[in-house]
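Trainee:
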Amino acid sequence: MDYRFKVWLEQDGQPVLGDGLLNLLTLVRRHGSIRGAAGEMKMSYRQAWGNIKKAENRLGIKLLIKQIGGESGGGAHLTPEAEQLIRKYEDFRCEAGEAVKKSFLKYFRQ
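Residue numbers (our numbering): 119 to 228.
(1) If you pair each beta-carbon of the stretch 128-144 with each one of the stretch 162-174, do three or more pairs fall below 8 Å?
(2) Where does I204 fall in DSSP's three states?
(3) Assuming V146 is part of the alpha helix (DSSP H), what are its boundary residues?
(4) Please report the straight-line C-alpha distance between S151 and G157, rounded to a whole angstrom.
(5) Residue range of the alpha helix (DSSP H) that I170 falls in?
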């Protein structure tokens with residue numbers, strides 16, 4: 119027997135950060151653009167941008183700084199608040215995973 123678990127953060131009963139948004143933000147960091155991140159996730163730019171805006175509104179912080187067009191094209195990068203949120207969420211998820219594993223072993227691997 120084995121186990122699985124999923125964790126996400128909510129604000130006022132609404133999801134604000136989970137594995138999907140974490141992956142999107144991480145890909146924005148890597149690609150330097152929402153379009154590149156959305157493409158890798160096989161989602162539309164509109165859906166990716168909508169997910170980011172929804173999270174920003176629920177969290178009350180900016181997650182991205184967008185750079186519009188220009189000679190070298192546009193792009194986006196994470197705000198310091200987004201970087202901090204990602205670090206905290208990853209640490210929380212890791213600790214939660216360790217606690218769940220410990221509990222699983224206690225009750226099912228005697």
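Positions of the beta carbon are idealized from the N, C-alpha and C atoms, including for glycine.
Mentor: Taking the structure as given:
(1) yes
(2) helix
(3) D137 to H149
(4) Taking the straight line from one Cα to the other gives about 10 Å.
(5) Y163 to L177
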